[in-house]
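Written below as C-alpha cells is the structure these notes are about.
Dropping the structure here:
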C-alpha cells in the first residue's frame, strides 16, 4: 500500500492460482480462475414475490462449453425486433450480434414495461437501453411525419426521452456511445446531447436528453408551468448507475424527480377517466405542489403504490378544504393508468436491507421486469485474481513488479497489441504518491482524480485509450468509464467497500475479454480480504457487505467477525 494504517512485517503471500475464487456467486459452487471452459447464458424468466406483489425477472443460466458474453448464434439484432438501419449501425461499430444481457433487455424495454437491468460491468448495459430507445424514436418520428410538418414540435406535444446519470463524465460517455450509431448517410441516427454543468437548457431539444438530476431540477424548479409541461412530455426515463442515484447525496433529488413524474401520471390518468380525452395542459383541482408536498412527507420507501393510502385519515385543521382534496387524492392515487416507462440500470444492485437500492426499487416498482446478468455480484470466470500481502517495506517493490509484469492473454491481438493498466488508490494524495513512484522508476503514467480539471480527465482518458500505458486513479474512474481492453487492474490500496471492489475489478475482463486483477493489502485490511476470499471458497454470497455508509471493515466489526485495526494515522511511503 502506498497509504497504510499499520506498519507490520508480514510475509509476501501470493494466492495460488489453482485455488478457486468466487465473488458474490449465487449460482455455481466453484469457478476456476481464468478458465477457458465458458458457458452460454440463456435468459429465462421466473417469478419472485416481494411484499404484496409479483415481479417478473430474467436471469441467466449456463451450459457447458459456450460463450459467457454473447447471445446464441441464432440471436441477431433483427431477431430482437430492431430495424435494418439500426442493425447495420450496430454492426458497423463492431457489434455484430447482441450480448446476453442485451438479448434479454431489449425485448423487455420494447414491451413498454418498467425494466430494471442489473448486470455485471462490461456486459453491454448502455446499449441495452439506448438501442430500444432509438427504435421507439424511429416509430415516433414516422408517426409525427404523418401529422406535422418539419417544423419544431412544441415541448408539451413532444415525447421526451430522458437519461439521468450521476455526473457530467458519464453523461458525455452515454452521448458518445449514442452518436457512434450512424445511419447509411454517416450521420447519427438520432440527436442525443448532454445537458448538464453550467450550460443552459437548449431552445431546440435533442431527441434524447442526457443530464444529471441536479441540472434537470435546476431547469424545471424555476418555473412551475414549465415543470408541469416538461413532466407531461416525458414518456421514457432511464436512471443509469441507479444504485448510485438512489443513495447518498443523489437520493433526495432523484426521489423528488420520481415523485414529479409519477404524480403527472396520476394527474393524466384521472383527467382521462373524467373527460375521456387527453388534456392539453397538466391541470388538477389539487395543485402539483400540494400533492407533492403530501407525498414528500413520507420516506422514499413510502412511494410504493401498496402503501399510498396509509395516512388517509390525517386532517389538517388549519385548512379543511385542502385536507379534503388531499384525502380524495390519496383515495384515487393508488390505482392509475400508466403513461411513462421507467428503466433502471446498474452493475451493483444490493437488495439486502430496506434502504438498499435494490430493495427500494422492488418496493417502488413491484411489477417491473428484472433482467439480471449471471455474474451480477459474482466472480467473472474470465478474470484472474492475484492476492499480494505487503508491508510498508515491500509495498513499493510489489507495486513496481505488478506494473512491470502486465497480463498477457493469448488473444492480445484483439486489444490491438496495446497494454492498458489501471492502478487504483483510495485518495488523491495516494494517487499522486503512486504516480511519483512510477515516474521515478521510469514508468510513464496518467492521473485521474477529482482534483484534475474536467479537461485534464478527458484528455487522460483519450490518451489512455489511444496509446495505452498506465492510468493511476481514484474510484472516480471505477464507475461507468468504458475504456476497451484494459488488461490489468492493480489495487495499490484495497477497496473500502464491496461496491467499489466490484466496479474496480469490472474495468477489466469486459465484453468477453480476459483480464487480471492484482490486489495488494496490508494487515489493516487483512480480515476484509479474508472475508471476501472465504465467501468465494465456500460459494457463499457476501451481499451483507454492501453499504455506502459503512465500509467492509465496519460491517465485519459489527458482526463480530474481525478485530481489525482502525488507526486514523495515514503514512505515505515514497521511495526515491
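Residue numbers (the numbering used here): 232 to 807. By construction, the Cβ of each residue, glycine as well, lies at the ideal position given by its N, Cα and C atoms.
Just verifying my parser: in three-state terms, what is the DSSP assignment at residue i?
| i | result |
| --- | --- |
| residue 348 | strand |
| residue 495 | helix |
| residue 708 | helix |
| residue 599 | coil |
| residue 719 | strand |
| residue 357 | helix |
| residue 303 | coil |
| residue 743 | coil |
| residue 488 | helix |
| residue 577 | strand |
| residue 364 | helix |
| residue 402 | helix |
| residue 620 | strand |
| residue 506 | helix |
| residue 755 | helix |
| residue 693 | helix |
| residue 806 | The predicted position of residue 806 is uncertain, since its pLDDT is 42 and thus under 50; no value can be drawn from it. |
| residue 687 | helix |
| residue 589 | helix |
To the nearest angstrom, report how far apart residue i and residue j are at their CA atoms.
| i | j | result |
| --- | --- | --- |
| residue 663 | residue 678 | 8 Å |
| residue 498 | residue 654 | 51 Å |
| residue 487 | residue 753 | 42 Å |
| residue 711 | residue 622 | 32 Å |
| residue 619 | residue 751 | 5 Å |
| residue 591 | residue 636 | 44 Å |
| residue 740 | residue 461 | 41 Å |
| residue 748 | residue 473 | 25 Å |
| residue 598 | residue 451 | 29 Å |
| residue 404 | residue 713 | 8 Å |
| residue 447 | residue 413 | 27 Å |
| residue 476 | residue 470 | 7 Å |
| residue 219 | residue 701 | The structure shown has nothing for residue 219, since the chain only spans 232 to 807. |
| residue 317 | residue 762 | 46 Å |
| residue 669 | residue 631 | 7 Å |
| residue 730 | residue 579 | 7 Å |
| residue 326 | residue 568 | 37 Å |
| residue 628 | residue 639 | 21 Å |
| residue 368 | residue 421 | 8 Å |
| residue 353 | residue 616 | 17 Å |
| residue 584 | residue 733 | 19 Å |
| residue 760 | residue 709 | 19 Å |
| residue 307 | residue 466 | 27 Å |
| residue 633 | residue 758 | 23 Å |
| residue 648 | residue 425 | 33 Å |
| residue 593 | residue 365 | 27 Å |
| residue 445 | residue 458 | 14 Å |
| residue 363 | residue 666 | 42 Å |
| residue 323 | residue 315 | 12 Å |
| residue 596 | residue 338 | 19 Å |
| residue 406 | residue 423 | 6 Å |
| residue 651 | residue 721 | 11 Å |
| residue 485 | residue 690 | 30 Å |
Could you check how far apart the C-beta atoms of residue i and residue j are, in whole angstroms? I think they sit under 8 Å.
| i | j | result |
| --- | --- | --- |
| residue 301 | residue 328 | 6 Å |
| residue 705 | residue 656 | 6 Å |
| residue 613 | residue 299 | 7 Å |
| residue 348 | residue 336 | 5 Å |
| residue 419 | residue 410 | 5 Å |
| residue 602 | residue 346 | 6 Å |
| residue 390 | residue 312 | The pair is not a contact, with the Cβ atoms about 19 Å apart (cut-off 8 Å). |
Against chain C, does residue i count as a neighbour if the rule is that its beta carbon must be under 8 Å from one of theirs?
| i | result |
| --- | --- |
| residue 440 | No chain C is present in this structure, which holds just one protein chain. |
Could you check if residue i is buried or exposed, using at least 16 other CB atoms within 10 Å of its CB as the buried criterion?
| i | result |
| --- | --- |
| residue 719 | buried |
| residue 572 | buried |
| residue 442 | buried |
| residue 675 | exposed |
| residue 436 | buried |
| residue 626 | buried |
| residue 531 | Caution is warranted here: a pLDDT of 40 is assigned to residue 531, below 50, making its placement in the model unreliable, and no coordinate value can be reported. |
| residue 359 | buried |
| residue 430 | exposed |
| residue 356 | buried |
| residue 735 | buried |
| residue 559 | For residue 559, the predicted model reports a pLDDT of 49, less than 50, meaning its position is unreliable; a value from the coordinates is still stated below. Flag for residue 559 reads exposed. |
| residue 305 | exposed |
Quick one: does the C-beta of residue i sit closer than 7 Å to a heavy atom of the ligand GTP?
| i | result |
| --- | --- |
| residue 603 | The ligand GTP is not part of the structure shown, which contains no ligands of any sort. |
> Fully enclosed by the stretch 623-681, which alpha helix (DSSP H) runs are 4 residues long or longer?
Replying inline: 626-635 and 659-671
>> Restricting to runs no shorter than 4 residues, where is the alpha helix (DSSP H) found entirely within the stretch 424-475?
In response: 444-451 and 455-464
> Which residue spans inside the stretch 310-346 form an unbroken alpha helix (DSSP H) run of at least 4?
Replying inline: 315-323 and 331-341
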